[in-house]
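Novice: Would you mind keeping the following structure in view while I ask a few things?
Protein chains: 2
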Amino acid sequence: MAEAATREKALQEAELACARRGAQLTPLRRQVLELVLGAEAPIGAYALLDRLKSSRPGAAPPTVYRALDFLLEHGLVHKVERLNAYIGCSDAGHGHAHDHGHPHQFLICRRCGATMEIADHAVAHAIAEAAARAGFVAVEATVEIEGICARCAAT
Amino acid sequence: MAEAATREKALQEAELACARRGAQLTPLRRQVLELVLGAEAPIGAYALLDRLKSSRPGAAPPTVYRALDFLLEHGLVHKVERLNAYIGCSDAGHGHAHDHGHPHQFLICRRCGATMEIADHAVAHAIAEAAARAGFVAVEATVEIEGICARCAAT
DNA sequence: GGGTCGATGATATAGTGTTTCACCCGACTG
DNA sequence: CAGTCGGGTGAAACACTATATCATCGACCC
Ligand SMILES: [Zn+2]
Ligand SMILES: [Zn+2]
Ligand SMILES: [Zn+2]
Ligand SMILES: [Zn+2]
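So the sequence lines, in the order shown, correspond to chains H and P. Take the first sequence: its position 122, counting from 1, is numbered 123 in our numbering, and each next residue is one higher. Take the second sequence: its position 141, counting from 1, is numbered 142 in our numbering, and each next residue is one higher.
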């Protein structure tokens with residue numbers, strides 16, 4: 002995520018989305034979301050915990066994991082499996098109730114660690130087709146593409 | 002993996018592939034590969050360690066992780082990130098030297114845990130295209146599709 | 001013999017995630 | 001009002017996954 006203004010907007014969209022879905026974005030959950038959005042790159046649970054401790058000294062692993070579970074459940078953050086880290090959804094608030102997540106893919110730069118979320122329809126379609134050809138009913142797909150980002154390639 | 006005969010064949014192909022590449026498939030590495038291939042589903046490193054201990058009492062985490070590193074490096078096994086588990090490559094031995102891996106995708110059944118490797122060209126192509134559109138040079142992609150397998154859907 | 005290199009043994013430690021029990025508080029109920 | 005039920009949080013311990021470090025061994029070469 003980027004500028005403070007962008008984060009503020011994302012937080013407000015998150016509040017709206019939660020309100021629409023009848024989910025409670027409590028102060029703790031909102032704070033964890035804020036930390037995720039404020040990180041320069043996908044951030045690990047224990048890094049989040051460290052930052053959380055400055056304002057909540059009693060915080061423990063379950064504190065952050067429970068908040069992350071909520072945020073994941075409601076599509077406000079995603080987990081990057083290859084990094085064991087979490088990143089704010091770049092298109093949050095556009096899901097309906099009971100719609101836990103949307104098709105998405107990550108581009109992870111090997112050089113600088115920057116991670117960008119994309120939502121490529123052709124990729125999602127190809128995946129659904131490939132699964133169907135194997136008689137498989139696809140529900141959700143993790144797509145994490147590692148390589149060199151445009152910025153790093155330019156240097 | 003499946004039948005003992007299939008495993009035997011995969012092991013022999015692995016030996017050939019290593020010979021071609023000048024890599025040493027030592028007894029330890031071969032045994033770990035055998036354990037991975039013999040598992041019913043993707044198997045975790047510590048589960049491998051437990052099984053390994055029956056014949057090598059002194060085995061410790063680095064024992065199995067080093068063997069896995071070798072097998073991963075040479076494309077004989079893959080890691081399933083969503084499961085923190087390892088699975089034998091269903092198309093091993095078809096890579097050239099310095100070719101660490103081939104495009105592949107996994108279909109993971111939520112019900113029974115069965116995990117199948119596929120190598121769908123359309124998916125790989127769509128991913129490369131999507132990355133290129135973002136100015137990104139894709140090097141490797143993790144694609145893990147979760148859903149319901151044909152067998153489970155039939156019940 | 002001495003030197004080097006890759007593989008393994010062995011111990012300790014780091015990083016990631018879960019279980020469990022307790023407490024609080026707001027809502028609903030008799 | 002007392003009771004109770006649920007979700008959210010606090011707190012401690014634990015389980016699971018992976019790596020760092022140093023020592024040892026044997027093969028190969030000079
Ligand atoms: Zn998203
Ligand atoms: Zn970069
Ligand atoms: Zn493969
Ligand atoms: Zn199944």
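Here a beta-carbon is modelled for each residue, glycine too, at the ideal position from N, C-alpha and C. These numbers were taken from a predicted model, which means no experiment stands behind them.
1. Since leucine 34 of chain H sits in a beta bridge, which residues does DSSP pair it with?
2. Go through its chain and collect everything with a Cβ distance to alanine 24 of chain H's Cβ below 6 angstroms, but skip five positions before and after it.
3. My output table needs one value for glutamine 13 of chain P: the three-state DSSP class, helix, strand or coil.
4. Relative to the C-alpha of glutamate 9 of chain P, which residue among P:Asp92, P:Arg30 and P:Gly39 is closest?
5. Helix, strand or coil for cysteine 19 of chain H per DSSP?
6. Which one of P:Ala135, P:Met117 and P:His105 has the shortest CA to CA distance from leucine 108 of chain H?
7. For a cutoff of 8 angstroms on Cβ pairs, would you count isoleucine 146 of chain H as touching chain P?
8. Looking at C-alpha atoms only, which residue of H:Ala127, H:Asp121, H:Ala115 and H:Glu82 is the closest neighbour of alanine 46 of chain H?
9. Could you have a look at threonine 7 of chain P and say whether DSSP puts it in helix, strand or coil?
10. Are the C-beta atoms of leucine 108 of chain H and some chain P residue less than 8 angstroms apart?
11. With a CB to CB cut of under 6 angstroms and the five nearest residues on each side skipped, what residues in its chain are close to alanine 132 of chain P?
12. Report all residues from its chain with a CB closer than 7 angstroms to the CB of isoleucine 149 of chain P; omit the five preceding and five following residues, and keep chain order.
13. Is histidine 105 of chain H near ligand 1 - that is, is its Cβ less than 7 angstroms away from at least one heavy atom of it?
14. Which one of P:Leu36, P:Gly102 and P:Pro104 has the shortest CA to CA distance from alanine 86 of chain P?
15. Please say whether leucine 34 of chain P and alanine 15 of chain P have beta carbons closer to each other than 8 angstroms?
16. Of all residues in the structure, which have a C-beta closer than 6 angstroms to any heavy atom of ligand 4, taken in chain order?
17. With respect to 7 angstroms, is the separation between the Cβ of glutamate 118 of chain P and the closest non-hydrogen atom of ligand 6 below this value?
18. Across which residues does DSSP place histidine 79 of chain H in a beta bridge pair?
19. Would you say the beta carbon of serine 91 of chain P is closer than 7 angstroms to some non-hydrogen atom of ligand 1?
20. Count the other C-beta atoms from every protein chain shown that fall within 10 angstroms of the C-beta of glycine 89 of chain H, then say buried if there are 16 or more, exposed otherwise.
21. How would you write the range of the beta strand (DSSP E) that threonine 116 of chain H sits in, first residue to last?
22. Just to check, is the beta-carbon of histidine 122 of chain H closer than 7 angstroms to a non-hydrogen atom of ligand 3?
23. Within 8 angstroms of any Cβ in chain H, is that where the Cβ of glycine 102 of chain P sits?
24. Could you confirm whether any beta carbon from chain P is found closer than 8 angstroms to the beta carbon of arginine 111 of chain H?
25. In whole angstroms, give me the CA-to-CA distance for alanine 155 of chain H and alanine 115 of chain H.
26. Got a sec: does ligand 1 put a non-hydrogen atom nearer than 7 angstroms to the Cβ of histidine 75 of chain H?
27. Does any C-beta atom of chain H lie closer than 8 angstroms to the C-beta of arginine 83 of chain P?
Specialist: Here's the rundown:
1. For leucine 34 of chain H, which the question treats as bridged, DSSP gives no partner whatsoever.
2. His75
3. helix
4. P:Gly39
5. helix
6. P:Ala135
7. yes
8. H:Glu82
9. helix
10. yes
11. Ala139
12. Cys110, Arg111 and Arg112
13. yes
14. P:Leu36
15. yes
16. P:Cys110, P:Arg112, P:Cys113, P:Ala115, P:Cys150, P:Arg152 and P:Cys153
17. Of the ligands one can find in the structure shown, namely ligand 1, ligand 2, ligand 3 and ligand 4, none is ligand 6.
18. H:Ile88
19. no
20. buried
21. 116-119
22. no
23. no
24. yes
25. 14 angstroms
26. no
27. yes
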